[in-house]
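Encoded as structure tokens, the structure appears first; notes follow it.
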Amino acid sequence: MSNSLEDVKDIITELLDVESVEITNESRFREDLGADSLDLVELIMAFEDKFGGEISDEQAQKITTVGEAVSYIDTNMR
């Protein structure tokens with residue numbers, strides 16, 4: 000498991016109050032993890048703070064699963 004995935008899971012468990020074992024690469028933020036629009040904004044901001052970079056609004060709308068977030072972070076923010 001990549002460090003990015005563990006870090007992303009830590010952020011999700013803190014912000015969305017879900018158990019780490021419930022989070023997989025395929026987990027969808029809205030449907031599976033119960034995130035609303037405000038939660039999604041907070042997640043993106045937390046990812047930016049943790050990994051040191053910026054995720055555009057356009058790109059943020061394309062990130063719908065945990066795996067997509069990790070892939071974007073590994074490719075663009077590490």
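Going by numbering that gives the first Met the number 0, the sequence shown opens with residue 0, and the numbers climb by one from there.
Cβ atoms here follow ideal geometry from the backbone N, Cα and C, with glycine treated the same way.
Residue environment, residue i, which counts as buried when at least 16 other CB atoms sit within 10 Å
i: L37; result: exposed
i: K8; result: buried
i: S3; result: buried
i: V20; result: exposed
i: V40; result: exposed
Reduced DSSP secondary structure (H/G/I, E/B, other) of residue i
i: T12; result: helix
i: T74; result: helix
C-alpha distance - residue i paired with residue j, whole-angstrom precision
i: L42; j: E25; result: 17 Å
i: E53; j: I22; result: 23 Å
i: E30; j: S55; result: 22 Å
Within 7 Å, strictly: CB atoms of residue i and residue j
i: R27; j: T74; result: no
i: T45; j: I10; result: The residue asked about is misnamed: residue 45 is Ala in this sequence, not Thr. Taking 7 Å as the Cβ cut-off, A45 and I10 qualify as a contacting pair.
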